[in-house]
Amino acid sequence: MRRVAPSVRLLCLLLATLTPLDAARADDWPARLRSEIERLDQGSPGRLGVYVKRLRDGSHFDHGADRSWYLGSTAKVPIAVAVLQQVDAGRLQLDTAVALRETDKVDGSGPLVWSKVGQSYPIDTLLARMLGDSDNTAANMLVRVVGVDTLNRSAAEAFGARQIGPLTDFTAVRRAVYARLHPEAGQLSHRQLVEVAAAPMPQRAEAVRRALELPPDALRTDIDAAYAGYYAEGHNSATLVGYGAMLERLVRGELLSRTSTERLVQAMKFGTRGNYRLEAGLPKNLRLIHKTGTQHQRACHMGVVQPQDGGHDATVVAVCAAELDEQRAAGRLFEAVGRAIAGTALAER
Numbered sequence: 578m579r580r581v582a583p584s585v586r587l588l589c590l591l592l593a594t595l596t597p598l599d600a601a602r603a604d605d606w607p608a609r610l611r612s613e614i615e616r617l618d619q620g621s622p623g624r625l626g627v628y629v630k631r632l633r634d635g636s637h638f639d640h641g642a643d644r645s646w647y648l649g650s651t652a653k654v655p656i657a658v659a660v661l662q663q664v665d666a667g668r669l670q671l672d673t674a675v676a677l678r679e680t681d682k683v684d685g686s687g688p689l690v691w692s693k694v695g696q697s698y699p700i701d702t703l704l705a706r707m708l709g710d711s712d713n714t715a716a717n718m719l720v721r722v723v724g725v726d727t728l729n730r731s732a733a734e735a736f737g738a739r740q741i742g743p744l745t746d747f748t749a750v751r752r753a754v755y756a757r758l759h760p761e762a763g764q765l766s767h768r769q770l771v772e773v774a775a776a777p778m779p780q781r782a783e784a785v786r787r788a789l790e791l792p793p794d795a796l797r798t799d800i801d802a803a804y805a806g807y808y809a810e811g812h813n814s815a816t817l818v819g820y821g822a823m824l825e826r827l828v829r830g831e832l833l834s835r836t837s838t839e840r841l842v843q844a845m846k847f848g849t850r851g852n853y854r855l856e857a858g859l860p861k862n863l864r865l866i867h868k869t870g871t872q873h874q875r876a877c878h879m880g881v882v883q884p885q886d887g888g889h890d891a892t893v894v895a896v897c898a899a900e901l902d903e904q905r906a907a908g909r910l911f912e913a914v915g916r917a918i919a920g921t922a923l924a925e926r
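Residues 578 to 926, numbered by the working numbering, are exactly what the sequence shown covers, in order.
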C-alpha cells in the first residue's frame, strides 16, 4: 500500500473541515464589499466610485467604475509613465536639465511656482517633485518636455481604448474653467492665474472678474457651474476600470523597464505610510503605492497594496468621489472605503 505523506494528509484534513459556508465566504468578498460601498454611497452627499482587483486570482469589484471621473493630480501618474517610457526608449535622459519658463507656472501644490524663471531642474528631480510633492508646475514642465500628443498616446495604451479622456497640462485646466466665467479669461497671465487661485473658492469668480477689470455683472455664471461644465467635457478624466488597468500593468512591469518601474514605485511613496484618506483605513502592515488628487468638489485616491514582486500578491484600488467637499468629507469617506476594503478584499491574505 502506498503511504500518504503527512503534508498531504494535513491538506486533506483541512479541506475536509472547510464547510461550504467557509468556502463561499472565501469567494464572496466582492459581494460583501458591495454591501459596504453601497451603504457608504447612499450616506454620502455626493457620488462614489470604487474599483478593486486582486491580481493573484483576478477577482474584482466595481461600483460606478465604468463612469468617467475627473482625475485631478492622479493624472500625474500617467504623466510619469509617459516620461519614463521616453527615458526607456533613449529619447530623454533623467539628468537632462529643464529650464523653468513663466508659462510653466501654475497654482496648486509644490514650491516650484515661486522659483526664478530660467532655473533648471533634472527630469529625475521633476518626477520626484511631481509625485512626492504633487507639484503642478513640475507636472507642467514634464508635459511640455514629453509633449501632449505623446502623453495621450501613452495614456490610451496604458488605460485601454475609450477609458481615458484627453490629458492636458494644469494651466489648460484653469483656463478652461475660467473661460466659462468669461471668454476673456484666456488673456490672464500665468502670474494672474496664480493670484486668482489665492482667493477662497467661493470668491474665485470674483477674483477672475477683478483680474480682468470687468464690470460687476460681466460674468456668465458662478464658480460651481464653471467647474461642473468643465468636468462634463471629460478632459483629464478616466474610468476607474481604466486607471486600475494602468496600475496593474505598471506593477506587472508591462509599461516600463524594471529600473523605471522601480523608480516610479519609489516615487509613489512605496513603504512610506501616512494616515490620509484610504491610507487611514488600510492595514498598516501592508505596503502601498498611491497618488491622491483633488479639485473643486472632486477627489480621487488611487493605489496598489503590496505592489512588490511584480504584483504577484497585489491589490489594485481606485476610488473617486464627486459633488462633495473634496477635503474633509472626501477624507472621511475614503477612510471608510479603506476599512471596507481591508475587511473584505484584503482580509483573506
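We treat Cβ as the ideally placed atom computed from N, Cα and C, and that holds for glycine.
Those residues which DSSP pairs with V894 across a bridge: Taking the sequence shown and counting its residues from 1, the one referred to as residue 894 is at position 317. V629, G880.
Residue nearest to L625 in terms of C-alpha spacing, selected from L632, D639, G635: As a first step, residue 625 is located in the sequence shown; it is residue number 48 there, counting from the start. Per the Cα distances, D639.
Beta carbon of K846 nearer than 8 Å to that of K653: Counted from its first residue, the sequence shown places residue 846 at position 269. Counted from its first residue, the sequence shown places residue 653 at position 76. For K846 and K653, no; Cβs fall outside 8 Å.
Spatial distance of N852 from G830 (CA atoms): Your numbering for residue 852 matches position 275 in the sequence shown. Your numbering for residue 830 matches position 253 in the sequence shown. Answer to the nearest angstrom: the Cα atoms are 28 Å apart.
Beta bridge counterpart(s) of G875 as assigned by DSSP: Residue numbering aside, residue 875 sits at position 298 when the sequence shown is read from its first letter. Rather than Gly, the amino acid found at residue 875 in this sequence is Arg. In the DSSP output, where bridge partners are listed per residue, R875 has Q872, A899.
Pair within 8 Å by beta-carbon distance, P622 and E900: Numbered from 1 along the sequence shown, position 45 holds the residue referred to as residue 622. Numbered from 1 along the sequence shown, position 323 holds the residue referred to as residue 900. Yes, these two residues count as a Cβ contact at 8 Å.
Through-space distance from A735 to Q874, alpha-carbon basis: For the purposes of this step, residue 874 is taken as the residue at position 297 of the sequence shown. For the purposes of this step, residue 735 is taken as the residue at position 158 of the sequence shown. Taking the straight line from one Cα to the other gives about 27 Å.
Own chain residues within Cβ distance below 6 Å of A774, not counting five before or after: Indexing the sequence shown from 1 puts residue 774 at position 197. Excluding positions up to five away in sequence, the list reads D684.
Distance, G870 Cα to A822 Cα: As a first step, residue 822 is located in the sequence shown; it is residue number 245 there, counting from the start. As a first step, residue 870 is located in the sequence shown; it is residue number 293 there, counting from the start. Their Cα atoms are separated by approximately 18 Å.
Residue of G920, V893, G620 minimising C-alpha distance to L632: Here residue 632 refers to the residue found at position 55 of the sequence shown. Out of G920, V893, G620, V893 has the C-alpha closest to the C-alpha of L632.
Residues that DSSP places opposite Y698 in a beta bridge: Sequence index remark: in the sequence shown, residue 698 carries index 121 (1-based). In DSSP, Y698 forms a bridge with V675.
Alpha carbon of V785 to alpha carbon of D794, nearest angstrom: Position 208 of the sequence shown, counting from 1, holds the residue named residue 785. Position 217 of the sequence shown, counting from 1, holds the residue named residue 794. Near 13 Å, if we compare the C-alpha coordinates of D794 and V785.
Integer Cβ distance of G687 from D710, believed to fall under 8 Å: Along the sequence shown, one-based indexing puts residue 687 at 110. Along the sequence shown, one-based indexing puts residue 710 at 133. Contact holds; Cβ gap of about 5 Å.
DSSP state of D639 mapped onto helix, strand, coil: Start at 1 with the first residue of the sequence shown, and residue 639 comes out as number 62. It is a strand residue.
Buried or exposed by the 16-neighbour rule on C-beta atoms within 10 Å, applied to A676: Sequence index remark: in the sequence shown, residue 676 carries index 99 (1-based). A676 is exposed by the Cβ-count criterion.
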